[in-house]
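A.B. asks: Under the UniProt record's numbering, the first residue of the sequence shown is numbered 1, with each subsequent residue one higher.
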Amino acid sequence: MKHLKKIMPFFMIGIVSLLMGNSQQETDGIMLKDYPVQSILKDTLTAEEQENLQSIILLPKGAFDQMEAAVIGKRLNRLPLSLLSKIEEKGIKIKLFTGKLTDNPTAKQFAGIIPRGYRTTKTWDDVPGIGGGQTVLVKIGSSNKGSGHGSVNLELHELAHSIDYKVLNYYSKKEQFISAWNKEKARLFPQRPYFLNYPEEYFAETFAMYYLGGSYKESLKLLAPLTYKQIASIK
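(1) Which word fits N153, buried or exposed, when buried means at least 16 other C-beta atoms lie within 10 angstroms of its C-beta?
(2) What does a CB cutoff of less than 8 Å around E49 pick up in its chain, not counting 5 residues either side in sequence?
(3) So for T123, helix, strand or coil by DSSP?
(4) By Cβ distance, which residues of its chain are closer than 7 Å to T123, with the 5 residues on each side in sequence left out?
(5) Is it the case that the stretch 185-195 contacts the stretch 133-147, given that we only count it when at least three CB pairs across the two stretches are under 8 Å?
(6) So what's V167 in DSSP terms, helix, strand or just coil?
(7) With 16 other CB atoms within 10 Å as the buried threshold, where does N22 fall?
(8) From the DSSP output, in three-state form, read off G73 for me.
(9) Roughly how far, in whole angstroms, is the beta-carbon of A63 from the beta-carbon of L41, given that I think they are within contact range, below 8 Å?
(10) Compute the distance between the beta-carbons of S172 and F203, then report whether it is under 8 Å.
Okay, structure coming up:
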């Protein structure tokens, strides 16, 4: 039971990812390219970052923490330009939002519903992000681990699901990745059932570790070199 409680934040996000896999694209928001030039957001992002992300990031219409949104953008820009281009070509949007997840049209059907297996009164309304479909939803201010989820980074993990499904045609199900997963999952994530049982979650989290960098990337390289090599090869 103790382990179950630990994995619930991930369980919530992962199940939503699966349910949202075929969702329609989100259109409610302002594209980065259309956001005012005279703003904290665009003053913080470099011209190169703006160009790379201009047709990918969708922003709230109302007030939001522009500095935090810029930090999210900078993290996303760590991905290779070739991969960002593929994300754009596939029509995948990363919608940054405030408020409840279920305020967004692509997630409204989950309003008030307690996630399967969750043993509290917490509902989908409280989940900070989803991925896997055409629209990746990321709550501004919830990027870090412990902010309603258990990933090392929310936006990278959730975007990874859409890259896996939409760009790479379910890479996490392919034989070469499953082989690496089976060999390295216990070493990288001991006693973490979520990653030990679901290769798509292992893919999303190792992708997030790689692009978050620092000690997370080093741990991935040291403990899961086969996985590290495969993530590095995705361009």
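Cβ atoms here follow ideal geometry from the backbone N, Cα and C, with glycine treated the same way.
C.D. replies: If we stick to the structure as given:
(1) N153 is buried by the Cβ-count criterion.
(2) Scanning its chain for C-beta atoms nearer than 8 Å, with the 5 sequence neighbours on each side dropped, one finds around E49 the residues G73, K74 and N77, in chain order.
(3) The answer is coil: DSSP assigns T123 none of H, G, I, E or B.
(4) G112, I113 and I114, listed in sequence order.
(5) Put simply, the stretch 133-147 does not touch the stretch 185-195. Fewer than three CB pairs are less than 8 Å apart.
(6) Three-state result, V167: helix.
(7) Only weak support exists for where N22 lies, its pLDDT of 42 falling under 50; the value from the coordinates is given anyway. Label assigned to N22: exposed.
(8) Looking at G73 - three-state DSSP - the assignment turns out to be helix.
(9) Not confirmed; about 12 Å, so no contact.
(10) Yes.
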